[in-house]
Each structure stands twice: as structure tokens, then as C-alpha cells.
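Student: Before I ask anything, let me first share the structure, which is written out below as C-alpha cells.
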Amino acid sequence: MTKKKITWITPTCFVDVDLPIIKELQSVYNIHWIVILRPKDGENTKAYIDDTLGNDKMVYISYEWQKHRMRSLKNIFFIFNLIRKIKNDNSDVYYTSEYAMPCGIWFYKWLLPIGKTIAACHNVTTPNGASNENFVRFYTAKWLSTFSNIQTFSNSQKKALLNKYDNKNVLMAHLALKDYGNPTKKVAKNDITFLVFGNIIKYKRIDLLLKAANILNRKGIFNFKIKIAGNCKDWASNYAPLIEHPEIYDLDIRRIPNGAVADLFAESDYFVMPYQDIAQSGAITVAFRYNLPVLCSDIEQFSEFVTDGVTGFTFKSQDEQALADKMEWILNNHQQIYNSVKANEQKFVDENLTLASIVNKYKAFFDAL
């Protein structure tokens, strides 16, 4: 039986999402993987792909270098030539998570067979406070209206999509757990450590965690640490001034290299996500991979992953007092609840987020096109 031919287009920012899926599907389909690289980190991305797939890879990879920033009009010729090249593959299925801003949606529509094209949408709803929020919301609306086959990465985003467009053919497959390898350190833990990891952006409300820590400190509670690791453009102006007791913090404000991630989670006890809004989160899959209980806001998007007191902990969104109260409760009850919550979280992962179950959803969708 002849294998279906798939042309798969991935920008650098989503390589870690698509790579584990492609690794599993490469023996099932004839895949031409086109990876869009940026000069800043392109070579590192290539090395990451090569290390993951190894010498026996069966997927054919083409690397395309995008020299200009994402929304620059200078990208028009790059995008047009890229999509025209993709068209020449004459594939059975086209899969893209490359939004190709600012004009790619029109080139996709004109050049590719929309009925055979699957468009990934990581943010059906644009989080309040996101970078370039208005433009992203506009472009996402165009993206969703252009394609008939769309992938979402959570049930809440699928629901949001179908509320807007009830005629779409939807693949809902969760993000594969992000695996950064095994920890290299063994750490003797004294105080309980709450971890924040990933890019620090306004809608993630890390300020709430800093304010909650201050509330606890003013009550004389100091038997905990807060570890914050991630890139932030405005840390010095918007976050650092909120810290009243620097001695309880371990700060690493930069882009965290992949090789350091596993140790961050091994050194911590809880993963904190005080977000006021989110479409879907890749960071939570890292916490699940390393079996770190999650403390998150009670927004709907987290509810399919975290049940308060069972698989993790929740607090009232945008309320630093509620976060402080939940942190205090955790500190007081850590010994009694920690192992059972970890066990429940692992059970949830085993039942819902195994790589095999996720890959099977892709296969069923591709085979039906």
C-alpha cells in the first residue's frame, strides 16, 4: 500500500510541538518536513532536530531561512516563494503551523488545496494582554475563516472554535509532553519551592505571585522559596520593584537553555501558573512530564487539566490574596497531600496524554482526508 504523502510546515517556535509527532509518524507516511528557521537560533534548532531523530530518520527535511521579523512586509516574497514551493510537492495532505504573517493566509488560500490542508491554531482565543493583541486577534480570525480543517490543542479551544465556526472539521490533539531529558542533579530540598518557568508576559500575571509572597512574608511565613526562570523584557521595571524579600527568590531572568530545564523541575516542588488568560499552555506539559503538581488560576482553560486538591491546585483568578491563601494551605499540608496529588497527576497523564494516544488522533484525521 502506497504511503500518503504529507508536506508539513513548522516555524522554529513550534518545532518542539511537531517534532515528537513527526518522529512517530515518519514510518507511517511519506513526510516532507519544511522547517522555517531564524538566524538567531536556527543552528541550535537544526541540532535539536538531528539529535532527536538520530541517524535512522525517515523524514525528508528542508530548512528555509527567514531573515526578517515575522510581521515585516519584507517577508512577502519569502512567504510567496515558500508556499509556491510547497504547492509543487503535490502532496495528499498539507499540515501547517506557520502563520506566515502578515499575508500568508491569502497565499495559502490562492496556492494550496484548502480541502487537503490542515491549519494548526495554538490560540483560537487571543489572551488578554498578549503582545500585539489586536493584530493577532485580527489575523487569527482570518486564519480560522480561511481553512476548513483546523487543529486545536485543548478541548476548551475546540469549543471556542466551534462556537465561532460550527462548520469546521476539527482535529483536537493535546500537545505532547515536552521532554527535556532526565535531571542531572540530585538536590537536597529544605524549603518548599514554587517554580515559574517560561517567557514572562503580562497576561501570565507573575506579579500576583510576587504580591502573594509579600502577603505571606508579612505574616512571618518564610519557609518557602520562589524560583523564576525565563525571559522577560520588562523585569527591572515591572516585576523587580514588587519584591520585598529577595532572599526567598532564585531568579534566572533569561531564555533558559533546553539542557537546564530538567534540573529546574527536579529542584522544585510546585509549578505556579497565575495566568489571567491563556489559549493553551505548553508549559503545563513540562510540569506533567516531570510530575510536578500545578498551582494555577481557576480559568476555564486549565479546568480540563487540573482539579483542585486532586491533580493539582487552583485559586481565584487575578486575586493575590486567594493565591497567598492557597500557598499557605499547601505549606501547612505539604507532607499529607503531596504524594497523593503527584500520583493523581501521573494517572491523569497516563490516561489522557500519552504520546501514542495523541499520535493516533493525527493518524485518524490524516487518513480521513
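Residue numbering for the sequence shown is 1 to 369, as defined by the UniProt record's numbering.
Quick reminder that beta carbons are idealized off the backbone N, C-alpha and C, glycines included.
#1: I'd like to know whether the C-beta atoms of isoleucine 9 and tyrosine 63 end up nearer to each other than 9 Å.
#2: Among residues of its own chain, excluding the 5 on either side of proline 183, which ones have a beta-carbon nearer than 7 Å to its beta-carbon?
#3: Please identify the residue among Pro11, Ala47, Leu111 and Lys326 whose C-alpha is closest to the C-alpha of tyrosine 270.
#4: Among the candidates Gly282, Val59, Thr52 and Lys316, whose CA atom is the shortest distance from the CA of residue 458?
#5: For the stretch 117 to 155, which segments carrying the alpha helix (DSSP H) assignment without a break, of at least 4 residues, lie completely within its bounds, in sequence order?
#6: Would you report the Cα separation of phenylalanine 77 and threonine 285, rounded to the nearest angstrom?
#7: In three-state DSSP terms, what is phenylalanine 305?
#8: Checking 9 Å against the spacing of the C-beta atoms, do threonine 193 and isoleucine 226 come in under that value?
#9: Kindly indicate which residue of Thr354, Pro293, Asp18 and Phe197 has the alpha-carbon position closest to the one of glycine 230.
#10: Per the DSSP calculation, phenylalanine 197 is bridged to which residue(s)?
#11: Is the CB-CB distance between tyrosine 275 and arginine 205 below 9 Å?
#12: On the DSSP bridge list, what partners appear for tyrosine 29?
#13: Can you grab the Cα-Cα spacing for the pair asparagine 238 / leucine 209, in whole Å?
#14: Check whether the stretch 357 to 368 and the stretch 17 to 32 are in contact - that is, three or more C-beta pairs closer than 8 Å.
#15: In this structure, does DSSP put phenylalanine 11 in helix, strand or coil?
#16: Report the partner residues of tryptophan 65 according to the DSSP bridge assignment.
#17: Is there contact between the stretch 155 to 173 and the stretch 129 to 136, where contact requires at least three CB pairs shorter than 8 Å?
#18: Going by C-alpha to C-alpha distance, which of Trp106, Leu37 and Lys164 sits closest to phenylalanine 14?
#19: Please list the terminal residues of the continuous alpha helix (DSSP H) segment that includes serine 340.
#20: Determine, using beta carbons only, whether serine 156 and glutamine 301 come nearer to each other than 9 Å.
#21: Residues bridged to valine 93 by DSSP?
#22: So, under 8 Å CB-CB, phenylalanine 147 and threonine 117 are touching, yes? Tell me the CB distance rounded to an integer number of Å.
#23: Throw me the rounded Cβ distance for the leucine 331 and phenylalanine 224 pair, which I believe falls under 8 Å.
#24: Checking the sheet assignment: what are the DSSP bridge partners for glycine 312?
#25: Alpha carbon to alpha carbon, what distance is there between aspartate 350 and tyrosine 249?
#26: Is there a Cβ from chain D that is less than 9 Å from the Cβ of tyrosine 362?
#27: Check this for me: beta carbons of aspartate 92 and isoleucine 6, under 9 Å apart or not?
#28: CB-CB under 7 Å to alanine 212, same chain, minus the five flanking residues each way: which ones, in chain order?
#29: Please state the DSSP three-state secondary structure of phenylalanine 366.
Tutor: Quick answer:
#1: One-based indexing of the sequence shown puts residue 9 at position 9. One-based indexing of the sequence shown puts residue 63 at position 63. Against a cut-off of 9 Å, the Cβ pair of tyrosine 63 and isoleucine 9 comes out as no contact.
#2: Your numbering for residue 183 matches position 183 in the sequence shown. These residues qualify, in order along the chain: Ala262, Asp263 and Ala266.
#3: As a first step, residue 270 must be located in the sequence shown, where it is residue number 270. Closest option to tyrosine 270, Cα to Cα, is Lys326.
#4: Since the displayed the chain opens at 1 and closes at 369, residue 458 lies outside it and no answer follows.
#5: 133 to 146
#6: What you label residue 77 is simply residue 77 of the sequence shown in a count that begins at 1. What you label residue 285 is simply residue 285 of the sequence shown in a count that begins at 1. Straight-line Cα distance between these residues: approximately 36 Å.
#7: Your numbering for residue 305 matches position 305 in the sequence shown. It is coil, neither helix nor strand.
#8: For the purposes of this step, residue 193 is taken as the residue at position 193 of the sequence shown. For the purposes of this step, residue 226 is taken as the residue at position 226 of the sequence shown. Yes, they are a contact pair.
#9: The sequence position of residue 230 within the sequence shown is 230, counting from 1. If we check each option's Cα against that of glycine 230, Phe197 comes out closest.
#10: The residue you call residue 197 lines up with position 197 of the sequence shown. In the DSSP output, where bridge partners are listed per residue, phenylalanine 197 has Ala229.
#11: For the purposes of this step, residue 275 is taken as the residue at position 275 of the sequence shown. For the purposes of this step, residue 205 is taken as the residue at position 205 of the sequence shown. For tyrosine 275 and arginine 205, yes; Cβs fall inside 9 Å.
#12: What you label residue 29 is simply residue 29 of the sequence shown in a count that begins at 1. Answer is none; tyrosine 29 lacks a bridge partner.
#13: Taking the sequence shown and counting its residues from 1, the one referred to as residue 238 is at position 238. Taking the sequence shown and counting its residues from 1, the one referred to as residue 209 is at position 209. C-alpha separation (whole angstroms): 13 Å.
#14: yes
#15: Along the sequence shown, read from residue 1 onward, the residue named residue 11 stands at position 11. The amino acid occupying residue 11 in the given sequence is proline; phenylalanine does not appear at that position. Three-state result, proline 11: strand.
#16: Your numbering for residue 65 matches position 65 in the sequence shown. Answer by DSSP bridge pairing, in chain order: Leu37.
#17: no
#18: Position 14 of the sequence shown, counted from the start, is the residue given in the question as residue 14. The candidate whose alpha carbon is nearest that of phenylalanine 14 is Leu37.
#19: As a working note, residue 340 is residue 340 in the sequence shown. Serine 340 -> alpha helix (DSSP H) spans 320 to 352.
#20: Locating residue 156 in the sequence shown gives position 156, where the first residue counts as 1. Locating residue 301 in the sequence shown gives position 301, where the first residue counts as 1. The answer is yes: Cβ separation under 9 Å.
#21: Sequence index remark: in the sequence shown, residue 93 carries index 93 (1-based). Per DSSP, Ile6.
#22: As a first step, residue 147 is located in the sequence shown; it is residue number 147 there, counting from the start. As a first step, residue 117 is located in the sequence shown; it is residue number 117 there, counting from the start. 6 Å between Cβ atoms; contact.
#23: By one-based count along the sequence shown, residue 331 stands at place 331. By one-based count along the sequence shown, residue 224 stands at place 224. The Cβ separation is near 6 Å, so the contact holds.
#24: Indexing the sequence shown from 1 puts residue 312 at position 312. For glycine 312, which the question treats as bridged, DSSP gives the partners Val294 and Asp308.
#25: Indexing the sequence shown from 1 puts residue 249 at position 249. Indexing the sequence shown from 1 puts residue 350 at position 350. Computed Cα separation, rounded: 33 Å.
#26: Among the chains in the structure shown there is no chain D, since it carries only a single protein chain.
#27: For this step, residue 92 is matched to residue 92 along the sequence shown. For this step, residue 6 is matched to residue 6 along the sequence shown. Result yes, Cβ atoms of aspartate 92 and isoleucine 6 sit closer than 9 Å.
#28: The residue given as residue 212 occupies position 212 in the sequence shown. Contacts found: Glu320, Leu323, Ala324 and Met327.
#29: Walking along the sequence shown from the start, residue 366 turns up at place 366. In this structure, phenylalanine 366 counts as helix in the three-state DSSP scheme.
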